[in-house]
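Novice: For reference, the structure I am asking about is given below.
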Amino acid sequence: MALAGKRVLVIGGGSGIGFAVAQAVLAAGAQVMVASSNLDRTQAAATRLGPGASAARVDVTDEAAVEAFFTDVGGFDHIAVTAGDWDGPRRGPLAELDLTAAESLFRVRFWGAVAVAKHGAPRLPAGGSLTLTDGMIAHRPSKGSAISTAMAGAVEHVTRALAVELAPVRVNCVCPGLIRTGVWDRILADRREAQFAEMTKRQLVPRIGEPQEAAEAYLYLMRGGYTTGQVLRVDGGSELGG
Ligand SMILES: NC(=O)c1ccc[n+]([C@@H]2O[C@H](COP(=O)([O-])OP(=O)(O)OC[C@H]3O[C@@H](n4cnc5c(N)ncnc54)[C@H](OP(=O)(O)O)[C@@H]3O)[C@@H](O)[C@H]2O)c1
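In structure tokens:
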């Protein structure tokens, strides 16, 4: 299923993995709209992407805004959701966790994805695709990750259920391992590569992944017309590597 001439929406496409998906979509000959909660950022991204790219604002935590967005922008052939926020309590011992605050971890990545499915999928054609995003924390919990692990696992489970509910639209999920995006800029630059090496040394592919390598998975799931309800890991073999 070729992407040339298709219309693709990447929510979260202003940066990181989503930006790489937008680049790959354009290279495949499709038009791409990048959307996030910040229009300045998506406009800057669309400018960097060049001809064939456009920008929009949508905050996936606001269901009414998601509905209005899809009413305004019309239909797409494929939607990828890479939206993720990095505020709030992500990690910590369960005994110290504020459970009300911890609920917020589901707002963008889980409920945001569900809102996009609810209002975006009716605008996709049969055989079109919705691709969600979780992360290897779903499969490799660590101490302090209970809520992150549960949230990521919930995205995978809802992917399977949405694939059933929304067929003949296809619904899949990409599960990245460690990918080199701006979210890791909080590690001081002179320590970053050493930390990546430490974090990935047991992987079968013992290095951090590049956003372009993650983007390949989204492109496959858009093009792969016989694939639905699947989770595709792009993790350098982190689980098998022990
Ligand atoms: N990088 C990794 O190592 C890694 C590993 C495993 C999983 N992942 C997952 O992959 C996804 C993308 O990660 P990334 O590294 O590419 O991070 P990123 O560069 O921060 O991308 C996340 C994007 O989500 C957008 N966003 C945040 N809140 C939003 C909202 N309420 N509505 C719409 N868009 C929103 C952000 O833009 P605005 O702030 O402008 O809204 C941003 O462009 C995330 O779900 C992350 O959990 C990443």
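First residue of the sequence shown: 1, per this note's numbering; consecutive thereafter. Glycine included, C-beta positions come from ideal geometry on N, C-alpha and C. Computed from a prediction, not measured in an experiment: that's the story for all the values here.
Considering only their Cβ atoms, is the gap separating G5 from A30 smaller than 8 Å?
Specialist: Here residue 30 refers to the residue found at position 30 of the sequence shown. Here residue 5 refers to the residue found at position 5 of the sequence shown. Against a cut-off of 8 Å, the Cβ pair of G5 and A30 comes out as a contact.
Novice: Roughly how many whole angstroms lie between the Cα atoms of T42 and S129?
Specialist: For this step, residue 42 is matched to residue 42 along the sequence shown. For this step, residue 129 is matched to residue 129 along the sequence shown. C-alpha separation (whole angstroms): 22 Å.
Novice: Apart from the five residues on each side of it in sequence, which residues of its chain come closer than 7 Å, Cβ to Cβ, to L26?
Specialist: Here residue 26 refers to the residue found at position 26 when the sequence shown is read from its first residue. Answer for L26: V32, L49, G52, A53, listed in chain order.
Novice: To the nearest angstrom, report how far apart V34 and S145 are at their CA atoms.
Specialist: Translated into positions along the sequence shown, residue 34 becomes position 34. Translated into positions along the sequence shown, residue 145 becomes position 145. If I take the Cα positions, the gap works out to 30 Å.
Novice: Look at the alpha carbon of V58 and the alpha carbon of V66, and state the distance between them as a whole number of angstroms.
Specialist: Taking the first residue of the sequence shown as position 1, residue 58 is located at position 58. Taking the first residue of the sequence shown as position 1, residue 66 is located at position 66. Straight-line Cα distance between these residues: approximately 6 Å.
Novice: Less than 8 Å separating the beta-carbons of L232 and L219?
Specialist: Residue mapping note: residue 232 aligns to position 232 of the sequence shown, counting from 1. Residue mapping note: residue 219 aligns to position 219 of the sequence shown, counting from 1. No, the Cβ-Cβ distance between L232 and L219 is not below 8 Å.
Novice: Kindly indicate which residue of T131, G120, P141 has the alpha-carbon position closest to the one of P93.
Specialist: Reading the sequence shown from its first residue, position 93 is the one you call residue 93. With distances taken between Cα atoms, P93 lies closest to P141.
Novice: Could you check whether the Cβ of W86 sits closer than 7 Å to any heavy atom belonging to ligand 1?
Specialist: Translated into positions along the sequence shown, residue 86 becomes position 86. Yes, ligand 1 has a heavy atom inside 7 Å of this Cβ.
Novice: Measuring CB atoms only, is the segment 152-162 touching the segment 189-209, in the sense that at least three cross pairs come out at less than 8 Å?
Specialist: With a cut-off of 8 Å, the segment 189-209 and the segment 152-162 do not count as touching, because too few Cβ pairs lie within range.
Novice: How about the segment 147-154 and the segment 97-112: do they share at least three Cβ pairs that are nearer than 8 Å?
Specialist: Yes, the segment 147-154 touches the segment 97-112.
Novice: With H, G and I counted as helix, E and B as strand and the rest as coil, what does DSSP make of G169?
Specialist: Position 169 of the sequence shown, counted from the start, is the residue given in the question as residue 169. Just to set this straight, residue 169 is Val in the shown sequence, not Gly. In the structure shown, V169 sits in coil (DSSP, three-state: anything other than H, G, I, E or B).
Novice: Alpha carbons only, please: which of K143, A214, G18, T181 is nearest the one belonging to A95?
Specialist: Within the sequence shown, the letter at position 95 stands for residue 95. Residue K143 is the option with its Cα nearest to A95.
Novice: If you compare alpha carbons, which of A83, A64, S15, A194 is closest to T243?
Specialist: The structure shown does not extend to residue 243, since the chain spans only 1 to 242, so no value can be given for it.
Novice: Have a look at V155 and A194 and give me their C-alpha separation to the nearest angstrom.
Specialist: Along the sequence shown, one-based indexing puts residue 155 at 155. Along the sequence shown, one-based indexing puts residue 194 at 194. Whole-angstrom Cα-Cα distance: 31 Å.
Novice: For A28, report the span of its alpha helix (DSSP H) as first-last.
Specialist: Mapped onto the sequence shown, residue 28 falls at position 28. Careful: A28 lies outside any alpha helix (DSSP H) and carries neither H nor E.
Novice: Name the DSSP bridge partner or partners of T131?
Specialist: The residue you call residue 131 lines up with position 131 of the sequence shown. A80, N172.
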